[in-house]
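Per my numbering: the sequence shown = residues 58 to 137.
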Amino acid sequence: MTQTSRILSYMKECPDHSITSMEAFKKFGATRLADVVFRLKNKGYNIVTIPEESFNRYGEATRYARYRLDMKSVRQVEGK
């Protein structure tokens, strides 16, 4: 199973169908989630980028992306 297929499966199965770079690193060792998302988009999956903000370990504001999979596009791409 490839890293891309693992991440796609995770996004399909998790309740909100989304993942962040930190989650991808912790769960799959994926350090380039944006590249995985790019490849999935090229296959026809609709993945929306949602900007989020939180605080780092020093209490400073930081921004990151959450990628959410549109399940409608999964049915279209996979014919389910």
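Glycine included, C-beta positions come from ideal geometry on N, C-alpha and C. The structure displayed is predicted, hence computed values, not measured ones.
Beta-carbon to beta-carbon, R123 and T77 are separated by about 5 Å, close enough to satisfy the 8 Å threshold.
In terms of Cβ geometry, K100 and V134 form a close pair [threshold 8 Å].
Per DSSP, the continuous beta strand (DSSP E) segment holding R120 begins and ends at A118 to L126.
Setting aside the 5 residues that flank it on each side, R63 is surrounded in the same chain by F85, each with a C-beta closer than 7 Å to its C-beta; the list follows chain order.
Beta-bridge analysis with DSSP links E109 to Y121.
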